[in-house]
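Reminder that position 184 of the sequence shown reads as 1309 in this note's numbering, one-by-one numbering, no gaps.
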Amino acid sequence: MSDDKAEGAGKSPGGSKLESLSREDLIKFVKKQMLLLQRERAKSEDLKKKAVSAEGSAATQGGDQEAQKRIKDLEEQVSELTSERDDAFAAYNTVQASQESAAAKIHELEEQLQKLSLERDDISSKFATLSKANRELAEQVECMEIKDSSLRSSLQCMQEDQVKLAMQNKDLEDQLQEFKGERSEGEGQLVEVKAARDNLQLQVEELTSQLSVCKVNILSVTLPHSTSFKSHYI
């Protein structure tokens, strides 16, 4: 009997330990305590009946010592069972209180879980929105990179064209300088030609003047002879 009591006490955890048990373990423990309580009650009733029977037997036999001893043992067993029953009731009450506390805690955890679920849904929605915005931004970046590559290519072509134009401009400047040199040389030749022409003009004018003088001289020489010749024939 003392072994059963030790077993029951060993398997009845304290209030702090009960709070650490899961809901399923608490239910199992309560069921086990109820079974133990029912068993102890049955034993207690059985021992009471035996005690009553023993008392009747002792009374019939005129206070037999063996019967009295048996009654005493039965009374001790009843006392032990009563103590075990009280312990079982105390454990049951503790479990009941722990179960109510666990139920309240479970309700609180369920509310927290619901709140966390709402927060998770909100975070998921925000994450989806941010993911969409990130994809759009990535597409914009890709588009800008393509445009940048195209602009770089266009800039390179423009730089190449600028180099070509610079070379062509240099060639034109060289040609212009060459033309200017030729023009300067031609202008010098033109001045020489003009000077030669003016010199020739002066020579022509001088020769013309000399020719006029010669003509006058010739006329002055030939005119008297022609007059005398005419008078001779007349």
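Just so you know, even glycine gets a beta-carbon here, dropped at the ideal spot from N, CA and C.
Residue i versus residue j - alpha carbon distance
| i | j | result |
| --- | --- | --- |
| K1174 | V1220 | 31 Å |
| V1288 | E1264 | 36 Å |
| Q1314 | Q1302 | 18 Å |
| D1150 | L1161 | 16 Å |
| Q1328 | F1304 | 35 Å |
| A1213 | E1165 | 9 Å |
| A1320 | E1298 | 32 Å |
| E1290 | E1267 | First, the amino acid is wrong: residue 1290 is Leu here, not Glu. Their backbone Cα atoms lie some 34 Å apart in a straight line. |
| S1399 | S1256 | Any question about residue 1399 goes unanswered here, given that the chain covers just 1126 to 1359. |
| Q1237 | D1246 | 14 Å |
| I1359 | L1336 | Confidence is the limiting factor: at I1359 the pLDDT is only 48, short of 50, which leaves the residue's position unreliable and the question unanswerable from this model. |
| L1344 | V1318 | 38 Å |
| N1342 | S1334 | 12 Å |
| Q1239 | Y1217 | 32 Å |
| Q1193 | E1200 | 10 Å |
| K1197 | E1205 | 12 Å |
| A1227 | T1254 | 39 Å |
| L1234 | F1154 | 22 Å |
| D1273 | Q1281 | 12 Å |
| F1252 | L1243 | 14 Å |
| G1306 | N1294 | 18 Å |
| A1258 | S1275 | 25 Å |
| N1324 | C1339 | 22 Å |
| H1232 | L1241 | 14 Å |
| A1222 | A1215 | 10 Å |
| S1309 | V1316 | 11 Å |
| I1152 | E1261 | 55 Å |
Cutoff 8 Å: residue i Cβ touching any chain C Cβ
| i | result |
| --- | --- |
| L1327 | This model lacks chain C altogether; it includes just one protein chain. |
Cβ pair count under 8 Å reaching 3, the stretch 1199-1209 against the stretch 1165-1174: yes
Runs of alpha helix (DSSP H) wholly within the stretch 1179-1244 (minimum 4 residues, chain order): none
Segments of 4+ residues assigned as alpha helix (DSSP H) that fall wholly inside the stretch 1284-1329: Listed in chain order, there is nothing to give.
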